[in-house]
Structures are given as C-alpha cells and as structure tokens.
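These notes concern the structure reproduced below.
There are 2 protein chains.
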Amino acid sequence: MKIKLDDLEDFARGAAFLGTGGGGDPYIGKLLARHAITEFGDPIILDPEDLADDALVFCIAMLGAPTVLVEKAANGDDIDLAIKKLADRLGRMPDALIPIEIGGINSTIPLVAAARTGIPLVNADGMGRAFPEIQMVTFNVYGHGPTPLSVVDEHLNSVVVDATDAKTAEDLVRSVAIQMGLSVMTANYPITGKVVKDYGVKYTLTLALEIGRAIAKGRRDGKPVEALISYLKSTEYYQDCGVLFDGKVVDLKRTTEGGFSVGHCHVEPLTGKGARMEITFQNEHLIAHVDGKAVAMVPDLICVIDRETAEPIPVEALRYGQRIKVVGASVPPIMRTPEAIATFGPRAFGLEQDYVPIRELLKS
Amino acid sequence: MKIKLDDLEDFARGAAFLGTGGGGDPYIGKLLARHAITEFGDPIILDPEDLADDALVFCIAMLGAPTVLVEKAANGDDIDLAIKKLADRLGRMPDALIPIEIGGINSTIPLVAAARTGIPLVNADGMGRAFPEIQMVTFNVYGHGPTPLSVVDEHLNSVVVDATDAKTAEDLVRSVAIQMGLSVMTANYPITGKVVKDYGVKYTLTLALEIGRAIAKGRRDGKPVEALISYLKSTEYYQDCGVLFDGKVVDLKRTTEGGFSVGHCHVEPLTGKGARMEITFQNEHLIAHVDGKAVAMVPDLICVIDRETAEPIPVEALRYGQRIKVVGASVPPIMRTPEAIATFGPRAFGLEQDYVPIRELLKS
C-alpha cells in the first residue's frame, strides 16, 4: 500500500477512530506528516510478510498525556535522534520502523519518521488500537519486551533505558516523560521481522485509511455512521461492532494524573430520558457502562464520534453538551488470548471486571 | 598513597566529617569497601598529577536520599554495570575513576569500584566535601558537564542520560532515582585527565584519611575535638575553621522531599541558657544561624560531631537530646570563585543570603 499526501486526511480520521479517545490529536500528526512528506517524499510502506525474519524493526512513537501532546509538537530532529540513540545502543540502524499503536498521533508520527529517514514502515502495529502504557503491546504479551529504548525531548535531551521487565520500563519512561514535560519521542521494542510477522497486528495502516475513507464516503452519501459500521463489519478484526449509545455529553471529569489524562464522561439520551452511559478513560476509553452494566471494555474498542458527521472525538476534545454516538468494536483474536487480556484487559487497568467480549455483550 | 583494610575505619570517619551531614552513611560504605578489598585486593590510588592529559576518567557514585542509602546497599554488580553502561556509550572503558564527592558513602563506593574493576582511583574529587545535586561539581563549574551518564538500580535496570545542561541532567537523574527507589549507582562526568588536574579538588582521599586519623589519635590523647581542629588548621583547604557551637539537639525536623532529606536542627547550650543555633539541611548542612545571624554557609563546611568523641554525625543519625559540637571550616579556593558560588553557594540552594566566607565570619 501507499499513503500519499491526499490520503492523510482519511488516514488521520481512521487513526483517530482506532485511538478510542487516546493517542493524542491525529490532526497535529497529520500536519507533521504532510510537512515531512512534502519535504522528504512518500514513506515506503512495507507488507509485514515481506520482512526478513532477521530484520531489525523499531517502534517509534510519542509518549505523554494527550492533553499535552495537543500543545507541543515534534520538531523532527527529536524523531531522528530517538532512532539514532536506540541504533547506537544496538550497534546498527533498523531495517524497518513500525507504529507501536494504530491510534491517534502515533499512527502518523511513524509516517513522519519513515519519510524523514527513508527507512520503510511496516503495515502493522503492536496494539491494533491505542493503549496508554508501553507494556500494553502484543510483542510484549508474547515475550518480546520494549527495551532497550530511547526517550528524547524537544530540546534533544535523551535517555536510553534497559529494564528487566516491561512494567519497570513503563514506570521509568513515564517518570522521565513527566520530567521532560509529558511529550517525548521514543524509539522502542527493537524486534525482529519474525516477531512482527508472528505477533504484530497486521495491515492496520490499511485499515485506518479505509475507516477514514468509509466515513468520508458516508458523508457524501449522507450516512457517515452507517457507512462506518458497515465497513467495520466487513473487516476481519472489527466485525463485531455496533452503536452502543446515542446522546449528549452531560458530565465530564478530566484531569492529568501520573502522566495520564484520566476521568469519565456521562452521556444521556437527547430526550434527557432513559438510561445514561458512563465512559471511564485513562488516555483511552477503558469501559462503558449503561445503568451500571458494562456494555464494552478494553481491549475492545470504545469510540466516541460526532453523531452527525461520524468524526472521531478524542478525550481531550470532549465537551459538555456534545452530541455523540458511542461505537463499540471487537479487536483481533491475537489481542483476546488469556495472555493478552492479562496485559491489557480490564484488570490490567485496575478495573474490577473480568473481560467479556463485545461479541457477547452485543447479543444481550 | 594507599588505602588498606586497616585504614578504612579512619578513612570512613574522615569522609563522614567532610560529608557535612550528607553523602549517606560512610559506615555502610566502609563495610562494602572492606568486603571488596578482601575479595579483590587493594585499590590502586593514583596521584592526579600522574594522569595523562587525554586519560578518560569517570566519576562513580551512589545517588539518592541518605535516609534511604542507609537501608539499601550496593551489591557490586550495579557498580560494574554503571561503569560498563557509560563505557558502552562512549566506546571505551575509563583509564581511571574519581570520587564525585569526598563525603560519606561516595568516598568509599569508588574504593569498591576500583577494587572490583582494577581501574585506578584518582586521589581527588569534584566537591572537596559532599553536595546533594549532580551539577554541584567543580568540573561542571568550569564547563565540563555530567553527561553522558549512566544510572543503575539494584535490579540492574539501567538508564543512560545525555542532557543539554547539568541542571537538566540533575532533574532527569533525580526523577529516575525516585522511580528506582532513591538509591542508585551512577557513573558520570566522563572527563579527561587534564580536566581533573585543572579543576579537581586534589588529594582529598589523603585528607579524609588524615582527618579520621587525627580524631582517632585525639581520642587516645583524650582531646579528639582539639586534635581535629588542630589538624584542619594544618591543611591548605580547611585551615579557616573552628567550633561554632557546643550544645544539645532540642528540635529536629527531617523529611524526605523531592528525593532529598530536608529539614532543620536546633541546638541549645547544655545549660539551656543563651542563644540557639539553627542548622538548615538538604542532605548536607547548608547554613547555620545563631540568633538569626549566619555563622557559616555553603560551600564552607558545617559539620556536626559528638561533643565527646568528635565522631561525625550524619543528618539521618541526628537525634533529640544529642550532645554535639558544630564545626565550621573553609573550602579550597577553587570552590570559592564567583562561578563556584553561583553553582553551590547559598543562592543555588534557594537561600536568601549572599556568600560570606567563614574566614570573615570567624573574625566577628
């Protein structure tokens, strides 16, 4: 596949949807990608099956609270330095880059990195969505940890971390990111081509682009939400899906704590009558309840969209009175195994809830 | 010079004195050094004038709050790894090691490192005492910064930092140290032999040993405090000195904040009558007032000792009711230049006080 200048609008929109509220504002990412592609040319996108087993692949991402990511932007030199610092640590440059997540700004930052450096970008990622913590990645679920990794701030201060386990890496990186101002660039998960092929969530760049295109086409036809749902149902990953709620935002609590945007959002029907939905988030939406009953939960997708245009609304853009629809959708099977649920299921976020797949919840 | 097993007791006592209340408990450092020297043999101590101009020298130190350093101890592997991580970053092993400070545990940790690795240890340091922050080093005062540097915890998690300035390095290292549990090993200030010769505080290993010996000899003669003062007056660095106060601890506030032990200690005369002394500390003693008038301040030494035995008492060992003497002493000229005072004078610690040398204060 290719992602060209004209695709960035749709790609960023699809990535915002898959960001499930988090991952930072993809429109800043889109501007950065536009600038990089204009200056350096199209990024090379690589099919994961075309990776050599022994290829060296790095994830490249921004890390911080999305509320801060809105205000700061990568300058490009920080991206180059993050890759170089990890390459120096390992003694070689990577053969390919891969997004750590296919949500929000971290789906477009790798496009910027690939365009700037000429290093191919793999059409896959490590989450099939966005998650807030660096251990919540399929590569880690299946035994391939995030370190060594590099962290670089906008002043080009840098830190290289080697940690004995992924949660320790997350804790260290988070404390560094907080010190650096909660918006840093990181190159991490140095993995082989074989690991990408075995444990990556594949073709998610294509999926993000197609989701964005489906919404755009739906708008031209006057039915963007229906077009979105229809496209999701046609995919292998997100096929168990539906509109979980239709209403307006009536309560919103959002604070930045411990390096995350945390809080909840209450939605009530437009009529003001009937059950409310409560959505709890930590950067990303974690769980949605209606009248105290869970209707969707991590790792399944909980996405807030504008009820008329189907435009994805990130957590930091939620506003009192917004008229929204809440869409739920399944994630790929590789993200629903017991190991995966242990890493990014409800209890991994401190929720007192066993994982129930959205497929089952949609039936009831 | 040599530091042998039989010297460790005196050396640790002298280093505790020069620690001016901070630098961690030197007796833990002594135990570690005893263990390392017994297992690996005597460390090689190098005269700073014997360093080649282009020799590569690392500081090696523990970093954290002394209250925590008491409870945790280096296991040795963390020392080796801190050196290796910085060496890997620079592409070569150091030709020599040097203490960052000659106070508390950080005067004995380099002995451990030198014994374990066989790398010579320079008879000099970067503070001529102890200070709480990593930018408060003569090398940095004169333009040679602390990074790249490595930080390693007891589980052998590691971080390598490159910072654009020394204060940013301190802030990053402190946040990492807090996350790692406030007791970490760090190799830092990769400098040349020429920098050590030009800006190091020289022969401070010898001075620590001789201070400890003077106190020990004084005890045998029944006059340890007098012997200590007499020896200090004979030195080039610490010659402006005296007993600033004699009394007992009547108030003590000590908390761990922002990765430091901070607080104050009030001392009143044994009779209970007359002016009190107040000592303010941040790991190390920063300033001593009597009746609101400053009688000694950083970078000059403010040292609390047992009034009978002259045993140095670190901040974490201060207790209500202790009978103490407070000794003040000058620091070397290289630590009293305007640049030096800007880096570790009173205002560098947030005190509303211009530096007045103890030489002048002792006159009044």
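Those sequence lines, one after another, are chains A and B. If you read the first sequence in my numbering, its first letter stands for residue 1, the second for the next number, and so on. If you read the second sequence in my numbering, its first letter stands for residue 365, the second for the next number, and so on. The C-beta atom is built at its ideal place from N, Cα and C for all residues, glycine as well.
Run through chain B and tell me which residues come within less than 7 Å of Ala163 of chain A, C-beta to C-beta.
Asn521
Among the candidates A:Glu9, A:Gly258, A:Lys325, A:Lys273, whose CA atom is the shortest distance from the CA of Ile211 of chain A?
A:Glu9
Please name the residues in the region 633 to 655 of chain B whose beta-carbon is closer than 9 Å to at least one beta-carbon of chain A, in chain order.
none
Using the C-alpha atoms, what's the distance from His649 of chain B back to Val607 of chain B?
15 Å
DSSP state of Phe495 of chain B mapped onto helix, strand, coil
coil
For Lys194 of chain A, write down the residues that DSSP places opposite it in a beta bridge.
Looking at the DSSP assignment, Lys194 of chain A forms no beta bridge with any residue, so it has no partner.
Which partner residues of Met335 of chain A appear in the DSSP bridge assignment?
In DSSP, Met335 of chain A forms no bridge with anything.
Proximity below 9 Å, CB of Asp306 of chain A to CB of Gly200 of chain A:
no
Nearest by alpha-carbon distance to Glu39 of chain A: which of A:Ala115, A:Glu170, A:Glu360, A:Met1 is it?
A:Ala115
According to DSSP, which residues form a beta bridge with Leu121 of chain A?
A:Ile45, A:Leu97
The region 530 to 557 of chain B: which residues have C-beta closer than 9 Å to a C-beta of chain A, in chain order?
Thr532, Ala533, Asp535, Leu536, Arg538, Ser539, Val540, Ile542, Gln543, Met544
Per-residue DSSP class, three states only, for Lys581 of chain B
helix
In or out: Gln499 of chain B buried (at least 16 other Cβ within 10 Å) or exposed?
buried
Considering Cα atoms alone, identify which of A:Asp251, A:Lys248, A:Ala214, A:Pro224 is closest to Ser234 of chain A.
A:Ala214
In three-state DSSP terms, what is Val298 of chain A?
coil
In whole angstroms, give me the CA-to-CA distance for Asp615 of chain B and Arg683 of chain B.
9 Å
Cβ-based burial, Met426 of chain B [other Cβ within 10 Å; buried from 16]
buried
Alpha carbon to alpha carbon, how far is Met127 of chain A from Thr204 of chain A?
9 Å
Same chain, Cβ closer than 7 Å to Gln646 of chain B, neighbours up to 5 away in sequence not counted:
Pro496, Phe624, Val626, Phe713
Take the Cβ of Ala652 of chain B as the centre, count every other Cβ of all protein chains shown within 10 Å, and call the residue buried at 16 or more, exposed below.
buried
Buried or exposed by the 16-neighbour rule on C-beta atoms within 10 Å, applied to Thr635 of chain B
exposed
Determine, using beta carbons only, whether Arg359 of chain A and Asp221 of chain A come nearer to each other than 9 Å.
no
Give a yes or no on contact between the region 391 to 409 of chain B and the region 322 to 337 of chain A, applying the rule of three or more CB pairs nearer than 8 Å.
no
Give the secondary structure of Asn75 of chain A by DSSP, where H, G and I count as helix, E and B as strand, and everything else as coil.
coil
Give me, in chain order, the residues of the same chain whose beta-carbon lies closer than 7 Å to that of Leu209 of chain A; leave out the 5 immediate sequence neighbours on both sides.
Ile3, Asp7, Asp10, Phe11, Gly14
Kindly say whether Asp80 of chain A, judged by its beta-carbon, lies nearer than 9 Å to any beta-carbon of chain B.
no
Excluding the 5 residues preceding and the 5 following Leu253 of chain A in the sequence, name in chain order all residues of the same chain whose CB lies nearer than 6 Å to its CB.
Before going on, a small fix: residue 253 of chain A reads as Lys here, not Leu. Here the set comprises Gly263, His264.
Is the beta carbon of Glu360 of chain A within less than 8 Å of some heavy atom of the ligand NAP?
The model on display carries no ligand, and the ligand NAP is accordingly not part of it.
Quick one: what does DSSP say Thr550 of chain B is sitting in, helix, strand or coil?
strand
Within 9 Å, strictly: CB atoms of Tyr189 of chain A and Cys59 of chain A
yes
Please report the Cβ distance between Pro633 of chain B and Gly611 of chain B, rounded to the nearest whole angstrom; I am assuming they are in contact, meaning their Cβ atoms lie under 8 Å.
5 Å
Looking at the secondary structure, which residues open and close the alpha helix (DSSP H) in which Val262 of chain A lies?
Premise fails: Val262 of chain A lies in the beta strand (DSSP E), 260 to 268, not in any alpha helix (DSSP H).
So is Asp452 of chain B in contact with chain A if we call contact Cβ pairs under 9 Å?
yes
Checking contacts by CB at 9 Å: is Val524 of chain B closer than that to chain A?
yes
For Ala639 of chain B, report the span of its alpha helix (DSSP H) as first-last.
From DSSP, Ala639 of chain B is part of no alpha helix (DSSP H); its letter is neither H nor E.
Consider the Cβ of Lys85 of chain A: report whether some Cβ of chain B lies at a distance smaller than 9 Å.
yes
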